[in-house]
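One structure below.
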Amino acid sequence: MNEIISQLLNYAYGAWRYRWYGAAVAWLVCISGWTWLHFQPNIYRATAQVYVDTDTILRPLLAGMVVQSNVQGKVQLVTKILLSRPNLEKVARSTDLDLRATTPDAMEKLLLKLDQRIQIRGTERDNFYTISYVDPDPRAAKRVVQTLLNSFVENTLHAGRQDSNTAQQFLDQQIKSYEAKLNADEDRLRDFKQKNVGMMPQQGKDYYNRLQDAITELDGAKLQLAEAQQTGDTLSKELGGDEPTFGIMSEAGDNGGPLDTRINALQSRLDDLLLQYTNRHPDVIAVREQIKELKAQRRRELAKLAASGAVGGVSDNPVYQQLKISLSETQAKAAGLRVKVQEYQKRVDYLRKMVNTIPAVEAELASLNRDYSVTRTQFNDLLRRREQATLSQQADQSSDDIKFKIIDPPFVAPKPVAPKRLLIMAAIFAGGLGAGIGFAFFLSQIKPTFNDRRVLRRVAGFPVLGTVGTVFTGDMLMRRRIDATMLVLTALLLMSVFIGGVVFTVLTTGA
Numbered sequence: 015m016n017e018i019i020s021q022l023l024n025y026a027y028g029a030w031r032y033r034w035y036g037a038a039v040a041w042l043v044c045i046s047g048w049t050w051l052h053f054q055p056n057i058y059r060a061t062a063q064v065y066v067d068t069d070t071i072l073r074p075l076l077a078g079m080v081v082q083s084n085v086q087g088k089v090q091l092v093t094k095i096l097l098s099r100p101n102l103e104k105v106a107r108s109t110d111l112d113l114r115a116t117t118p119d120a121m122e123k124l125l126l127k128l129d130q131r132i133q134i135r136g137t138e139r140d141n142f143y144t145i146s147y148v149d150p151d152p153r154a155a156k157r158v159v160q161t162l163l164n165s166f167v168e169n170t171l172h173a174g175r176q177d178s179n180t181a182q183q184f185l186d187q188q189i190k191s192y193e194a195k196l197n198a199d200e201d202r203l204r205d206f207k208q209k210n211v212g213m214m215p216q217q218g219k220d221y222y223n224r225l226q227d228a229i230t231e232l233d234g235a236k237l238q239l240a241e242a243q244q245t246g247d248t249l250s251k252e253l254g255g256d257e258p259t260f261g262i263m264s265e266a267g268d269n270g271g272p273l274d275t276r277i278n279a280l281q282s283r284l285d286d287l288l289l290q291y292t293n294r295h296p297d298v299i300a301v302r303e304q305i306k307e308l309k310a311q312r313r314r315e316l317a318k319l320a321a322s323g324a325v326g327g328v329s330d331n332p333v334y335q336q337l338k339i340s341l342s343e344t345q346a347k348a349a350g351l352r353v354k355v356q357e358y359q360k361r362v363d364y365l366r367k368m369v370n371t372i373p374a375v376e377a378e379l380a381s382l383n384r385d386y387s388v389t390r391t392q393f394n395d396l397l398r399r400r401e402q403a404t405l406s407q408q409a410d411q412s413s414d415d416i417k418f419k420i421i422d423p424p425f426v427a428p429k430p431v432a433p434k435r436l437l438i439m440a441a442i443f444a445g446g447l448g449a450g451i452g453f454a455f456f457l458s459q460i461k462p463t464f465n466d467r468r469v470l471r472r473v474a475g476f477p478v479l480g481t482v483g484t485v486f487t488g489d490m491l492m493r494r495r496i497d498a499t500m501l502v503l504t505a506l507l508l509m510s511v512f513i514g515g516v517v518f519t520v521l522t523t524g525a
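Counted the way the working numbering counts, the sequence shown spans residues 15 to 525.
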């Protein structure tokens, strides 16, 4: 510990020998630093605070009906746009800051300073945004903040309107495109149906269902025809075994006979069928054949009566007449069923012949219908989206989904925010003292001396037998006192200059 203290004292004695050099360096550093600080311009900060109100009464009422715009996203986007190069150039021109730059390089530096000095801070939760800018000219700083505030409001509102207009234009273009495509699909579908009439699916049934139905109907008609023929044969046998006894018959022109009644009933049924089907339908053809058969039978009976001269008072056998009527009906029914069987057979033959054509037509029709359905769905969806976009745009325009409230207009504090003169002055003062002491210590190390025999013995490596002290005369002591006094006065003068600078700074800048 004693050696450490001895070493420190030796350093102090060595630096003391060069005290005036250290004082000169301290004065030089302090005066230079304070002079530099004096000529540094004051930096003033202009600030403005705005509140973005995104709560509107229509927002909950129109939930699910319109597209709710992302207000926070638009605000954040605008804050980034404000710091873009085109906007910074606009700010520089509108605030006359571009007059400071006379060359392209100077303009680049000006824009870089603008980007560094502009600050836009905001909180998503509270929607408070603070815009600030620092500049040596307080009026220029205020103009910059005012310009940024106006741009912030205008760009945010314009962003919403621009998004709506862009979406509306895009939807209109897509609707025109899909409308043309839909018309083309409709034309292709219409032409295809006209080209393939008779081969289209009927009532949702494809080719194989239609073929199966035709075969089933053909089998049913054949069965009914067989039953009718069997019934007719039975009735013919019964009529062949009876001897009719004729009574008094009505006149030949009477329309009240059983055949006329049957013909009228079939005619009524034909009228009903024609209301539902075409002339080529098997049921229509069968009924017409039955009517034709009954009319032919009536003509034959009238011809027989006329030839035998039995018109008039010939009596009727009721059983015979009933059997004859039943036979006529059965024969007429059989005739209609034969026609129906022929038509069903033609239909089955036709479908079997078109076994390769009709399925291909149905497949192509299904493809056309599918394309048309997809296009129609997309077209209707685009129409719905356009109506939704129009309603959203009208809602935005009527409700003003973003409202700006200026909490603090652009304001410049009279006290500069930079440089921190008091702090820098104190740092320069401390640095000057440190530089002076360090320089004196540096010189003492270049030209070392020994003030302690223990240090001398350690450095030289030889034993020190003794030391000879310095005897100061009265004049020497006086000079030493004067020297020390001058050094103290020099230090006090430097401190007084520092204190005076602090007072001057406080009085002039208020810092």
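Even for Gly, the Cβ is constructed at its ideal location relative to N, Cα and C.
Where P100 is concerned, the enclosing alpha helix (DSSP H) starts and stops at 99-108. Sequence-distant Cβ neighbours of M121 in its own chain, meaning closer than 6 angstroms and more than five residues away, are A115. Taken through DSSP and simplified to helix, strand or coil, A115 comes out as coil. Annotation for R135: no alpha helix (DSSP H) segment contains it, though the beta strand (DSSP E) segment containing it runs 133-137.
If you look at F464, you'll find it isn't in any alpha helix (DSSP H); DSSP assigns it neither H nor E.
Rounded to the nearest angstrom, the Cβ distance from V148 to Y58 is 7 angstroms, consistent with a contact under 8 angstroms. Within its own chain, the residues whose Cβ lies closer than 7 angstroms to the Cβ of Q392, once the five positions on either side in sequence are excluded, are Y192, listed in chain order. At least 8 angstroms separates the beta-carbon of P332 from that of Y221. Here the stretch 451-468 makes contact with the stretch 19-35; the two share three or more CB pairs at distances below 8 angstroms. Following the DSSP letters along the chain, one finds T519 in no beta strand (DSSP E) but inside the alpha helix (DSSP H) bounded by residues 488-523.
The Cβ atoms of A454 and Y35 sit closer than 8 angstroms to each other. Inclusion of K354 and P296 in the CB contact set at 8 angstroms is warranted, their separation being smaller than that value. A distance below 7 angstroms between beta-carbons, with the five flanking residues on each side excluded, links R390 to the following residues of its chain, in chain order: L196.
Under the three-state reduction of DSSP output, K434 falls in the coil class, being neither helix nor strand. When secondary structure is reduced to three states using DSSP, Y27 falls in the helix class. Here Y364 carries a helix assignment [DSSP, helix/strand/coil].
In the structure shown, the three-state DSSP call for Q290 is coil. With contacts defined by Cβ atoms closer than 8 angstroms, V362 and L232 form a contacting pair.
The stretch 508-515 makes contact with the stretch 435-446: 3 or more CB pairs, one atom from each, lie closer than 8 angstroms.
Apart from the 5 residues on each side of it in sequence, N210 sits with its Cβ closer than 7 angstroms to the Cβ of V375 in its chain, given in chain order.
Contact between the stretch 89-109 and the stretch 122-130 is established, with three or more Cβ pairs separated by less than 8 angstroms.
V66: not part of any alpha helix (DSSP H); member of the beta strand (DSSP E) spanning 58-67, first to last residue.
Membership of T144 in the beta strand (DSSP E) is indicated by the continuous run 142-149. Residue pairing by DSSP places V167 opposite no residue, since no beta bridge is assigned to it. Y358 and I299 have their C-alpha atoms some 12 angstroms from each other. The beta carbon of R202 is closer than 7 angstroms to those of L382 in its chain, skipping five residues each way along the sequence. A427 is the residue among I420, L397, I19, A427 whose C-alpha sits nearest the C-alpha of A155. DSSP, read as helix, strand or coil, puts D422 in strand. The Cβ atoms of K347 and A242 sit closer than 8 angstroms to each other.
K434 and F166 have their C-alpha atoms some 31 angstroms from each other. Around the Cβ of L113, a 10 Å sphere holds fewer than 16 other Cβ atoms; the residue is exposed. Y386 and L396 have their alpha carbons spaced roughly 15 angstroms apart.
M15 has its alpha-carbon roughly 10 angstroms from the corresponding atom of Q21. For A40, the closest alpha carbon among the candidates L508, V517, T522 is that of L508. When only Cα atoms are considered, Y364 and K338 end up about 39 angstroms apart.
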